[in-house]
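K.L.:
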Amino acid sequence: MFSRRSFVVSAAAAGAAFGLDRPVEFLPSALAQEAARETGLNPKKLQFYRFNVGDIEVTQVFDGEIVRPHDPNFVRNASIEERQKALAAGGVVTDGVPTGFTVTSMKIGDRRVIFDAGNGAGGLPQSGRLQENMKAAGFEAKDVTHVVLTHFHPDHIFGLMDKDDKPLYPQAEIIAPAAELAFWTDESRTSKLPQGVQGLVRRVGATLGAWKNVRRFEGEGEVLPGVKPVPTYGHTPGHTSFHVASGAQQFMVLADVTNVKELFLRNPGWHVVFDMDPNLAEASRRRMFDRVVADKIPVAGYHYGMPGCGTVSKDGAGYAFAPMA
Ligand SMILES: [Zn+2]
16 MFSRRSFVVS AAAAGAAFGL DRPVEFLPSA LAQEAARETG LNPKKLQFYR
66 FNVGDIEVTQ VFDGEIVRPH DPNFVRNASI EERQKALAAG GVVTDGVPTG
116 FTVTSMKIGD RRVIFDAGNG AGGLPQSGRL QENMKAAGFE AKDVTHVVLT
166 HFHPDHIFGL MDKDDKPLYP QAEIIAPAAE LAFWTDESRT SKLPQGVQGL
216 VRRVGATLGA WKNVRRFEGE GEVLPGVKPV PTYGHTPGHT SFHVASGAQQ
266 FMVLADVTNV KELFLRNPGW HVVFDMDPNL AEASRRRMFD RVVADKIPVA
316 GYHYGMPGCG TVSKDGAGYA FAPMA
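Numbering (this note's numbering), first residue to last: 16 to 340.
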């Protein structure tokens, strides 16, 4: 049985495609304190934020926020000083990297859908709040009929399960990119990943790899009415965004096409340490943002704080973001 205690990753292993940058069981109190203060990413302290895309009701639900202490390796090709300048320009704290986690939920007909499942309880401090904030928004885990996954980093999937790997959404259909599931359950590939990532590999195998309620999809055909996958590989081998349409309105669930917008939307050529294939990730990023700008498609970014949704425009060599609220 995999336990969270064995889920160790060193800072050195963070480059290997991972959603955390230090051991979970040894979260230094400094990080906890950093995380306990305001980041600037949720200035209105929203638990949720609701709007419509055609007939689809969308609810952005806050899972939490942390401030990652600066680490020279966090961005492969920008100095800490350059990052601090970008953070200051974005109006958020600069003495670490403020990182938000926001889950997008949709009511599509009588279906209650969530895109990714948050950090889960007991992981990063000041996160794992999805369950309480879903309740504030008027629904809870047992009401969820479909969980659509973008990729398998811990901050996106550990909220699917409790600390003993018991599913929190046993009644739901879990819809996952076949390429992502194939990668994380292929020992010939995962065995080459650093030791620090093996805990994640084991946990995926024990849950998504074994659960009977997982539907894998390939290609770009609808996975739910109005919901079409958009492959944005690079962050992970099967990383997928989702285009949502109802009537004449459109929306894009980006997931991790960029990490925090203050750094990587402004500077699409910057490579976050968590992008497993940085060049492919950058190509996916530029293609995606050129599309949403050209087609004026509002977006949600998983790490954009709250409300985490808004519109993107071209701005110099990068892009600018205007939040909906
Ligand atoms: Zn992420």
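Think of the CB as a built atom: it goes at the ideal place given N, C-alpha and C, for glycine as much as any other residue.
With DSSP run on the structure shown, which of helix, strand or coil describes S299?
P.N.:
As a first step, residue 299 must be located in the sequence shown, where it is residue number 284. Helix, per DSSP.
K.L.:
Between the stretch 113–133 and the stretch 66–76, do at least 3 Cβ pairs fall closer than 8 Å?
P.N.:
Counting Cβ pairs under 8 Å, three or more are found: they touch.
K.L.:
Can H317 be considered in contact with ligand 1, in the sense that its beta carbon sits closer than 8 Å to one or more heavy atoms?
P.N.:
Here residue 317 is taken as the residue at index 302 of the sequence shown, counted from 1. What sits at residue 317 in the sequence shown is Tyr, not His. Yes; taking the cut-off as 8 Å, the Cβ of Y317 has a heavy atom of ligand 1 nearer than that.
K.L.:
Output needed for Y334: all residues of its chain with C-beta closer than 8 Å, excluding positions within five of it in sequence on either side, in chain order.
P.N.:
Here residue 334 refers to the residue found at position 319 when the sequence shown is read from its first residue. Result list for Y334: L280, R281, P283, F304, V308, V327, S328, in chain order.
K.L.:
Using a Cβ-Cβ cut-off of 6 Å (strictly less than) and excluding sequence neighbours within five positions of A337, which residues of its own chain qualify?
P.N.:
Taking the sequence shown and counting its residues from 1, one reaches residue 337 at position 322. Once the five neighbours on either side are set aside, the close Cβ partners of A337 are G325, T326.
K.L.:
Can you give me the C-alpha to C-alpha distance between L223 and T251, rounded to a whole angstrom?
P.N.:
What you label residue 223 is simply residue 208 of the sequence shown in a count that begins at 1. What you label residue 251 is simply residue 236 of the sequence shown in a count that begins at 1. One C-alpha to the other measures close to 16 Å.
K.L.:
Is F289 close to ligand 1? I mean its beta-carbon at under 8 Å from any heavy atom of the ligand.
P.N.:
On the sequence shown, position 274 is the one that residue 289 refers to. Within the cutoff, so yes.
K.L.:
Using DSSP with H/G/I as helix, E/B as strand and the rest coil, what is E80?
P.N.:
Looking up residue 80 in the sequence shown gives position 65. Strand.
K.L.:
Of all the options M321, M339, G331, A332, which has the alpha carbon lying nearest to the alpha carbon of L61?
P.N.:
Against the sequence shown, residue 61 aligns to sequence position 46. Of M321, M339, G331, A332, the residue nearest in Cα terms is M321.
K.L.:
Measuring straight from C-alpha to C-alpha, what distance separates V212 and V275?
P.N.:
Residue 212 sits at position 197 when you count from the first residue of the sequence shown. Residue 275 sits at position 260 when you count from the first residue of the sequence shown. So the two alpha carbons sit approximately 22 Å from each other.
K.L.:
Which of the three DSSP states, helix, strand or coil, is assigned to T74?
P.N.:
Start at 1 with the first residue of the sequence shown, and residue 74 comes out as number 59. In the structure shown, T74 sits in a strand (DSSP, three-state: E or B).
K.L.:
Report yes or no: do three or more beta-carbon pairs, one from the stretch 242–257 and one from the stretch 77–85, lie closer than 8 Å?
P.N.:
Because the criterion of three Cβ pairs below 8 Å is not met, the stretch 242–257 and the stretch 77–85 do not touch.
K.L.:
Per DSSP, which one or two residues make a beta bridge with R230?
P.N.:
As a first step, residue 230 is located in the sequence shown; it is residue number 215 there, counting from the start. DSSP lists I190 as partners of R230.
K.L.:
Say yes only if the C-beta of D170 is nearer than 8 Å to one or more non-hydrogen atoms of ligand 1, and no if none qualify.
P.N.:
For the purposes of this step, residue 170 is taken as the residue at position 155 of the sequence shown. Indeed, a heavy atom of ligand 1 lies less than 8 Å from the Cβ.
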